[in-house]
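In C-alpha cells:
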C-alpha cells in the first residue's frame, strides 16, 4: 500500500508517496535542486553532493537525490550554508577539471559548465588538481572518445554501462585522489569489450565521453570537386534534429533536415529509410525461407528464433557475449551498410559515376554505426561501403557551422534514386519498429491480406517496456505459403542490452519460445541512440517515439513492399530477394569475439 | 607510576580461560530482552569511535522481522595510531566470538562475520582454531549460529560500516547512502548489527560482570573503561585499559616524555589538543571521544608535517566517489603546502578552513566528514607552524 506523507520544502507544504526522494518531492512543487551524478534512467549514486539540502534536526546536509522524504520533514533548499557548500563543491569539481570550455565539444551543453556559471564559481578559488595522466585522450575507438581530463567522476557512464547495458566496459578504478573511470586494465577502448553503443556518451554530463567526430572529413569531401557526396539519413534522425535548435522534443523536421543538408552542399540527400524498406524485404524473405526449410524440408539446423541485425551495438554485444549463437542472427546487413553497398554499385551505375569518387556518408542516431562503417568485411562494393557515419549531433553541429537558420529554412524532399521510403521504414527508429514493419510485409506475403490491426498499427510491439511479446496467427494462407497455415508466429522485442541478455540467456538455455526477435542496443531503440541529442530520459524517448509513429501515420505508403524504388531496384539490379546479388551486397557474416 | 591519577581497569584482557565459554553458556539461557536491558543499563557506547549506544542498536535489530539477520564484527582496524583490536584479537579472541554469538542470540541472527583487516591475516590459523572450539560449544548449546571470517584488502575506508558490507558482498569498498542504516539494511540489505571488536568484547564482559559493575566505571556521560593505543613520543607505547573521563593532563603526565606539545586524540580523523588545553580536555563523550588512538607529539615535531602526513593519508584512502572528500583532501594538502611555499598567502588558510566546513557538511561518509577535525584543530592551534 502506498502511504502518503507530508513535509515542508522551503515553507511550502507538499504531499508525496512514502519513499519519494527529497529531490523528487521538491520537483513536485517546482523547486529545482541542482544535480550532477543523478540521472533519471539510473540508480541513485549520491556522490557529487551538489544536491545537498538542509533537513531540520540534522547536523550535516543531506543529499536530496539519495534521501527519502519522511513525514513531517522540514527542508530548506536554498540557504547561505547550502549555497556556500554547493559553490565550494562546484569549485572543487572545476579544480579537477580541464576548464578549456571554449574549445570543448560539449560547451553550452555541459551540466558542470551550466552550474559553475549559475553559482558564479571562481575558477581560481582552489588550486588545479587536474592530473597529468588524465590529459591523455583515448581516440582508439572509431566510435567513442574518452577524455579523462573532463571527467567529474559522477559514474553515470559506469552505471549506464552496467545497469542499462550489462556490458561493464567502464568501471571505477583506484581510490582517493587516483580514483578514475577506466576500462579493463585501462586498455584503449578499441581493445576492450565495448559495444560502441554510446549510451555513456548520452549520459555524460560533460565532455569526458563524446562520439568521435567525422565532420571535418565530410567538409573536406564536400569541398573536393572530384568527389560526389551521397548522404543518407536514418529514421530516428528526423525527429530529433530540431532539439539542437531549441525546438520542442518530438518535433518532426524531416523536410527541414533535408533542406539543410542540401544547403551544406551534399550532391545527393537520400534516405536510409529506403534501405530500411529493403531490409524488410530481405529479412522477411530470410525468415520465411528459414521457416520453409524447417517445416517443408525438415531441416532442423535452421536457427530459431531469428534475431534482427540492424543495431551494430547489439551485433558487437552478441559477438562478444554469445559467440556460439551467432547463427540466430539474420545475415542481413543493417540499412546503413546496405545503403553504402548500393551507393557505390547500383547508384553509381545509375548516375554514371565512378564509385571511387563517391563519398557515402550516413547520418545516424548512433555511435556504433561509426564502428560498423569501419568493419573490415563491409567492402562489398570493392570500396569501403560507408565512408563515415555521423551522429545526429554532428549534423546539428555542421548546420550551425554553416550558419544555416534551421528555424526558417524551407522544407525540401529527398533526392532520387534511393530516396523513397514508407512508414514501415520510418518506424525502424523506435523499439519494435523493425518487428512491426516486418510483420506488415510478411503477413501480407503469406496471407495476401494486410495485418489484422487497425490502421496497420501493431500496438502490442510498441511501447517502452524492456521486453515485449506478441503473436500473430497465419490463416487462409496463399497457395505458396500453405505450409504455414495455422502457424502462430511468436515474436518478441527487446531494447537495451540488459534486456538483450535476458533474451539471449533464454536462447542459450534452449527455452526461447519465439520465432523472431527484434533487438536494439539502445533504450527506446534508435530514437534513444548513442548519437542522439543530450539529454535523454524516458519522457524524451516517449515523445520522440510518438513523433516517429506520427511520421509513419502520415506517410502515403506504410508497407515496405510498396516502396516503388525498392521494387525497381530488384527489377533492374538485384533480381530476387535473397538472390545471388543480394547475398553479395546486402548480407554479411559475424565474428566470434572474446568476453574479455 | 604508583601515584597514577588514571584509573586502570582490567576487564577486557582479564580472566581469560582459553577453553571456557562459560559466559556464553550462561547468557544464552537468559531471555534476550533481559540481556538487551543489561547492555542498555551498562551505558556502553560503540568503541569504534562514533559512540552509538550499543544496547539500542541491538534492541532495534531484535525488533525487526526478517528472514535473515547478521552480526558483523568490524576488525578492520585502520585508524592511524590504533592497534588495540589487534591486541584483543591476539589475546582474547574467544571473547569476541562469544560476544558475537550472544549478539546473534539476542537479535535472532544465525550468521556472524568477522571482517578482519588484511594485514592481520597472520592471525587466521589461531582464529580458526578458536572458531572450531566455538562451533563445538554452539553445537552443545544447540545454538544455530556460525561465524565466518572475511579478509579486507587494506583499504581504510572499508572500516566504514557500509563500505565494509560492499566489500563483503564482493563490490568496490565504497560507503553507501544513509539512510537506510545497517541495522535496517546492512549486509545483503538485511538487518545487521555491526560492532567494533572492542564493543563486542565489552558487551560480552557486561554479560559476565553485570551492568551495575560496569556502569560504575567511567563517568556519567562516558560509562565504562576503554582500551587506548598509546603511541608517538612516549617512553611506554602500548595498549592500556583505562576508565573514561580522565583529563588529558593526567594522561600526558603518565604517558608523555616530559616534553609533550600536543596529543592527537582519535587518530587521523580525530582532534589535536595543544598543551595549553590539556587540563581542560576530558577524554570521553563529554569532551573528546576517541576510538582509542592517542598519539603524543613532543616539541621536536613539526605540526605542519604531522598534518601533511594525515592529509596525504586521506588523499590516498578516500574511496574517491564523493566530491568533497576526493578533491577536498587534495586541496587541503596542496593548499597547505602552497601557503608554506608562499605560493598562496596566509589568508588562504581561511579558504581552506571554509572548505573543511563544506567537507564536514556534505561528505557522504564519516571519512570525508572528519578530515575537518584534524585539519581545523591543528591549523587553529598551530597557525604559525603552518605559515612559517
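Chains as they are written, first to last, in the numbering used here: chain P, 64 to 659; chain Y, 1275 to 1662.
Think of the CB as a built atom: it goes at the ideal place given N, C-alpha and C, for glycine as much as any other residue.
Exposure label - residue i; buried when at least 16 CB within 10 Å
{"i": "residue 1708/Y", "result": "The structure shown does not extend to residue 1708/Y, since chain Y is modelled only from 1275 to 1662, so the question has no answer here."}
{"i": "residue 56/P", "result": "Since the first residue shown for chain P is 64 and the last is 659, residue 56/P is missing from the structure and cannot be characterised."}
{"i": "residue 552/P", "result": "buried"}
{"i": "residue 1282/Y", "result": "exposed"}
{"i": "residue 50/P", "result": "Beyond the ends of chain P as shown, which are 64 and 659, falls residue 50/P; an answer cannot be given."}
{"i": "residue 121/P", "result": "exposed"}
{"i": "residue 329/P", "result": "buried"}
{"i": "residue 1410/Y", "result": "exposed"}
{"i": "residue 1498/Y", "result": "buried"}
{"i": "residue 512/P", "result": "exposed"}
{"i": "residue 1537/Y", "result": "buried"}
{"i": "residue 1630/Y", "result": "buried"}
{"i": "residue 659/P", "result": "exposed"}
{"i": "residue 1437/Y", "result": "buried"}
{"i": "residue 1608/Y", "result": "buried"}
{"i": "residue 1662/Y", "result": "exposed"}
{"i": "residue 69/P", "result": "exposed"}
{"i": "residue 1402/Y", "result": "exposed"}
{"i": "residue 385/P", "result": "buried"}
{"i": "residue 549/P", "result": "exposed"}
Anticipated Cβ contact below 8 angstroms, residue i with residue j, distance rounded
{"i": "residue 138/P", "j": "residue 85/P", "result": "6 angstroms"}
{"i": "residue 1596/Y", "j": "residue 112/P", "result": "6 angstroms"}
{"i": "residue 501/P", "j": "residue 648/P", "result": "Incorrect: roughly 20 angstroms between the Cβ atoms, too far for contact."}
{"i": "residue 92/P", "j": "residue 116/P", "result": "With 8 angstroms as the limit, residue 92/P and residue 116/P do not qualify as a contact, their Cβ atoms being about 13 angstroms apart."}
{"i": "residue 332/P", "j": "residue 478/P", "result": "5 angstroms"}
Residue i (DSSP reduced to helix, strand or coil)
{"i": "residue 1275/Y", "result": "Reliability fails at residue 1275/Y, whose pLDDT of 45 lies under 50, so the model's placement of it is uncertain and no value is given."}
{"i": "residue 527/P", "result": "coil"}
{"i": "residue 295/P", "result": "strand"}
{"i": "residue 330/P", "result": "coil"}
{"i": "residue 312/P", "result": "coil"}
{"i": "residue 1494/Y", "result": "coil"}
{"i": "residue 451/P", "result": "strand"}
{"i": "residue 636/P", "result": "helix"}
{"i": "residue 180/P", "result": "helix"}
{"i": "residue 1384/Y", "result": "coil"}
{"i": "residue 512/P", "result": "coil"}
{"i": "residue 1644/Y", "result": "helix"}
{"i": "residue 596/P", "result": "coil"}
{"i": "residue 397/P", "result": "coil"}
{"i": "residue 1285/Y", "result": "coil"}
{"i": "residue 1535/Y", "result": "strand"}
{"i": "residue 1319/Y", "result": "strand"}
{"i": "residue 106/P", "result": "coil"}
{"i": "residue 1625/Y", "result": "helix"}
{"i": "residue 148/P", "result": "helix"}
{"i": "residue 579/P", "result": "strand"}
Residues that residue i bridges to, as DSSP identifies them
{"i": "residue 201/P", "result": "209/P"}
{"i": "residue 190/P", "result": "Answer is none; residue 190/P lacks a bridge partner."}
{"i": "residue 243/P", "result": "236/P"}
{"i": "residue 1502/Y", "result": "1514/Y"}
{"i": "residue 713/P", "result": "The question about residue 713/P has no answer here: the residues shown for chain P are numbered 64 through 659."}
{"i": "residue 76/P", "result": "71/P"}
{"i": "residue 1577/Y", "result": "Looking at the DSSP assignment, residue 1577/Y forms no beta bridge with any residue, so it has no partner."}
{"i": "residue 427/P", "result": "454/P"}
{"i": "residue 1570/Y", "result": "1506/Y and 1537/Y"}
{"i": "residue 460/P", "result": "BP columns for residue 460/P are empty, so no partner."}
Do the segment 166-186 of chain P and the segment 259-279 of chain P make contact, defined as three or more Cβ pairs closer than 8 angstroms? yes
Evaluate the contact criterion for the segment 1321-1336 of chain Y versus the segment 1561-1579 of chain Y: three or more CB pairs, one atom per stretch, below 8 angstroms. yes
Flag this pair as touching only if the segment 563-577 of chain P and the segment 458-475 of chain P have three or more C-beta atom pairs under 8 angstroms; answer yes or no. The segment 563-577 of chain P vs the segment 458-475 of chain P: no contact.
At least 3 beta-carbon pairs within less than 8 angstroms: the segment 433-440 of chain P vs the segment 298-315 of chain P: No, the segment 433-440 of chain P is not in contact with the segment 298-315 of chain P.
Assess contact between the segment 1466-1475 of chain Y and the segment 1345-1356 of chain Y, defined as three or more Cβ pairs (one per stretch) separated by less than 8 angstroms. Is contact present? yes
Cβ contact (3+ pairs, closer than 8 angstroms) linking the segment 315-327 of chain P and the segment 336-346 of chain P: As far as the Cβ criterion goes, the segment 315-327 of chain P does not touch the segment 336-346 of chain P, which means the pair count is below three.
Three or more C-beta pairs closer than 8 angstroms, one from the segment 1481-1500 of chain Y and one from the segment 1524-1535 of chain Y: is that the case here? no
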